[in-house]
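> Numbering (our numbering), first residue to last: 2 to 431.
All residues carry an ideal CB built from backbone N, CA and C; glycine is no exception.
Written out as structure tokens, the structure reads:
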């Protein structure tokens, strides 16, 4: 379970108070086209009875690829404001009311939640719903740990374990004691609703330069399990959504980004979390898109995470491949929804320019896992032949730049480009 940073570590391994400012997470300049109406926000906060003095210094955090997050440094308060992006949004995404309500309800039972300050549902203020919370000061471990945070292998393993333990702790919260949490649920069938929902979202967000995921979507539909249990799930669990103690950088003190939290299956939450889990030997494109330091020596592998989680929770799994493939497909849907906004010029954020490449890699990883589960021979003869979109997807891959094509073909099942024998129309996936 959770492991503390060893008290026996030498002083140069600990971060002194004087040096903390070098490693704390900070915002940067506000991006072009994403300016915040600061006067309107300040006026609204004062109207809500919030004690703020002076006008704030405003910075924007660059880590998120979805909602926009700002830091408001008043003379007497250090606050964070979250709002949705401009442009087309999925109906259920970017829900500020939900994100605020979940955190406020969870605060008593789950100590890692920031303190909520106020929620605004009057779009006349800044053009969108938003909420404000107190800033939790600490380290956010993004693609790499900040300079000055040097963990050895044992400390890295402790950090990894503590992050997983915080997820396990969330899954143990007794949500039935909190009406606002109970209201999040829609009853049994969470896994089925998720597969169906992300199927529709991906199709809606598809652009001409990405694969259809037809085989993956159909395979998931055929292999959807019953829910293992129901609990509070975060739905976007990553290292860059946790805050670490600056004086003890293996200790989790906060968890952020509750936009997609709900009641659901914890194994789906774990599968979605591991879609972001890039290991040291993963391909170059996944390494370049890595958003958390899971490549460091001492981090668990994806398989080790699953084994640890099951050992700690006592849950059983018949087909882990389903959860792993779903997590990758869901991530592809999230990435594609963001890319769709860039493709259709609803955002000018150049960070999203090459997101379509990541979608291709995620597609190939899904197919590889399905082939491993089915067996290469059955995959070639039984799973893929009757899907007409396979030919379309294969043709799309052949049009990719050579370096990208090489990476994707290195991931794909060997039989993917081999012409499949004719099969009757009645044939379906195993």
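On the DSSP letters alone, give me the boundaries of the alpha helix (DSSP H) that residue 310 sits inside.
Taking the first residue of the chain shown as position 1, residue 310 is located at position 309. Note, residue 310: alpha helix (DSSP H), 303 to 314.
> Should residue 242 go down as buried or exposed, given a rule of 16 or more other Cβ atoms within 10 Å for buried?
Sequence index remark: in the chain shown, residue 242 carries index 241 (1-based). Flag for residue 242 reads buried.
> Between the alpha carbons of residue 41 and residue 127, how many angstroms are there, rounded?
The sequence position of residue 41 within the chain shown is 40, counting from 1. The sequence position of residue 127 within the chain shown is 126, counting from 1. Take the alpha-carbon of residue 41 and the one of residue 127: they are about 7 Å apart.
> Nearest CA to the CA of residue 250: which residue from 258, 36, 231 and 149?
Taking the first residue of the chain shown as position 1, residue 250 is located at position 249. That would be 149, whose Cα lies nearest to the Cα of residue 250.
> Report the three-state DSSP secondary structure of residue 211 (helix, strand or coil).
Residue mapping note: residue 211 aligns to position 210 of the chain shown, counting from 1. Residue 211 carries a coil assignment under DSSP once its states are collapsed to helix, strand and coil.
> In the DSSP assignment, the beta strand (DSSP E) including residue 131 goes from what residue to what residue?
For the purposes of this step, residue 131 is taken as the residue at position 130 of the chain shown. 131 to 135 is the extent of the beta strand (DSSP E) around residue 131.
> Please look up how many angstroms separate the CB atoms of residue 274 and residue 239, rounded, as I've assumed it's under 8 Å.
Counting from one through the chain shown, the residue named residue 274 turns up at place 273. Counting from one through the chain shown, the residue named residue 239 turns up at place 238. Here residue 274 really is in contact with residue 239; their C-beta atoms are around 7 Å apart, less than 8 Å.
> Please name the residue, chosen from 263, 52, 307 and 179, that lies closest to residue 276 on a Cα-to-Cα basis.
Translated into the one-based positions of the chain shown, residue 276 becomes position 275. Nearest of 263, 52, 307 and 179 to residue 276, Cα basis: 307.
> Measuring alpha carbon to alpha carbon, tell me which of 382, 103 and 357 ends up nearest residue 206.
Within the chain shown, residue 206 is the residue found at index 205, counting from 1. For the residues 382, 103 and 357, the minimum Cα distance to residue 206 belongs to 357.
> On the three-state DSSP scale, how would you describe residue 117?
If you number the chain shown from 1, residue 117 lands on position 116. DSSP places residue 117 in strand when its eight states are reduced to three.
> Spell out a yes or no on whether the stretch 355 to 369 and the stretch 294 to 314 are touching, meaning 3 or more CB-CB pairs, one atom from each, closer than 8 Å.
no
> Quick check: is the beta carbon of residue 79 nearer than 8 Å to any beta carbon in chain C?
In the displayed structure, chain C is absent; only one protein chain is listed.
> In this structure, does DSSP put residue 238 in helix, strand or coil?
Counting from one through the chain shown, the residue named residue 238 turns up at place 237. Coil.
> Taking the C-alpha atoms as reference points, what is the distance between residue 92 and residue 162?
Against the chain shown, residue 92 aligns to sequence position 91. Against the chain shown, residue 162 aligns to sequence position 161. In this predicted model, residue 92 has a pLDDT of only 46, less than 50, meaning its place in the structure is not dependable; the value taken from the coordinates is given anyway. Taking the straight line from one Cα to the other gives about 35 Å.
> So is residue 348 buried or exposed if we call it buried at 16+ other beta carbons inside 10 Å?
Here residue 348 is taken as the residue at index 347 of the chain shown, counted from 1. That one is buried.
> Please go through the same chain and pick out, in chain order, the residues whose beta-carbon is closer than 8 Å to the beta-carbon of residue 226, but skip the five residues on each side of it.
For the purposes of this step, residue 226 is taken as residue 225 along the chain shown, with counting starting at 1. Correct list, in chain order: 192, 319, 320 and 323.
> Excluding sequence positions up to five away, which residues of its chain have a Cβ less than 6 Å from the Cβ of residue 79?
Start at 1 with the first residue of the chain shown, and residue 79 comes out as number 78. Correct list, in chain order: 136.
> Please classify residue 426: is it buried, with 16 or more other beta-carbons within 10 angstroms of its beta-carbon, or exposed?
Position 425 of the chain shown, counted from the first residue, corresponds to residue 426. The pLDDT assigned to residue 426 is 39, lower than 50, so where the model puts this residue is not dependable; a value taken from the coordinates is nonetheless given after this. By the neighbour-count rule (16 or more Cβ atoms within 10 Å), residue 426 is not buried but exposed.
> In the structure shown, what three-state DSSP assignment does residue 174 receive?
Against the chain shown, residue 174 aligns to sequence position 173. The answer is coil: DSSP assigns residue 174 none of H, G, I, E or B.
> If distances are taken between C-alpha atoms only, which option among 73, 194 and 254 comes closest to residue 38?
Within the chain shown, residue 38 is the residue found at index 37, counting from 1. The option with the nearest alpha carbon to residue 38 is 73.
> If you run the structure through DSSP and keep just helix, strand and coil, what is residue 71?
Locating residue 71 in the chain shown gives position 70, counting from the first residue. DSSP places residue 71 in strand when its eight states are reduced to three.
> Pairs of beta-carbons, one from the stretch 180 to 188 and one from the stretch 100 to 112, closer than 8 Å: are there three or more?
Three or more beta-carbon pairs drawn from the stretch 180 to 188 and the stretch 100 to 112 are found closer than 8 Å, and the two stretches are therefore classed as touching.
> The ligand ADP heavy atoms versus the CB of residue 142: any closer than 7 Å?
The model on display carries no ligand, and the ligand ADP is accordingly not part of it.
> Just the C-alpha distance for residue 204 and residue 57, rounded to the nearest angstrom, thanks.
Locating residue 204 in the chain shown gives position 203, counting from the first residue. Locating residue 57 in the chain shown gives position 56, counting from the first residue. If I take the Cα positions, the gap works out to 42 Å.
> Just to confirm, is the Cβ distance from residue 142 to residue 293 under 8 Å?
Here residue 142 refers to the residue found at position 141 when the chain shown is read from its first residue. Here residue 293 refers to the residue found at position 292 when the chain shown is read from its first residue. Closer than 8 Å, so yes.
> Could you name the residues of the same chain whose beta carbon sits closer than 6 Å to that of residue 372, not counting the 5 residues immediately before and after it, in chain order?
Within the chain shown, numbered from 1, the residue matching residue 372 stands at position 371. Contacts found: 380 and 414.
> Mapping the DSSP letters down to three states, classify residue 291 as helix, strand or coil.
In the chain shown, residue 291 corresponds to position 290, counting from 1. If DSSP states are grouped into helix, strand and coil, residue 291 belongs with coil.
> Given 8 Å as the limit, is there contact between the stretch 326 to 342 and the stretch 207 to 218, that is, 3 or more CB pairs closer than that?
yes
> Take residue 405 and list the residues in its own chain whose beta-carbon comes closer than 8 Å to its own, dropping the five residues that flank it on each side.
Along the chain shown, one-based indexing puts residue 405 at 404. Excluding residues within five positions, the ones whose Cβ falls inside 8 Å are 286, 358 and 361.
> Which residue from 95, 166, 77 and 35 puts its Cα closest to that of residue 301?
Within the chain shown, numbered from 1, the residue matching residue 301 stands at position 300. The shortest Cα separation from residue 301 among 95, 166, 77 and 35 belongs to 166.
> May I ask which residues mark the beginning and end of the alpha helix (DSSP H) holding residue 331?
Within the chain shown, residue 331 is the residue found at index 330, counting from 1. Element bounds for residue 331: 321 to 344.
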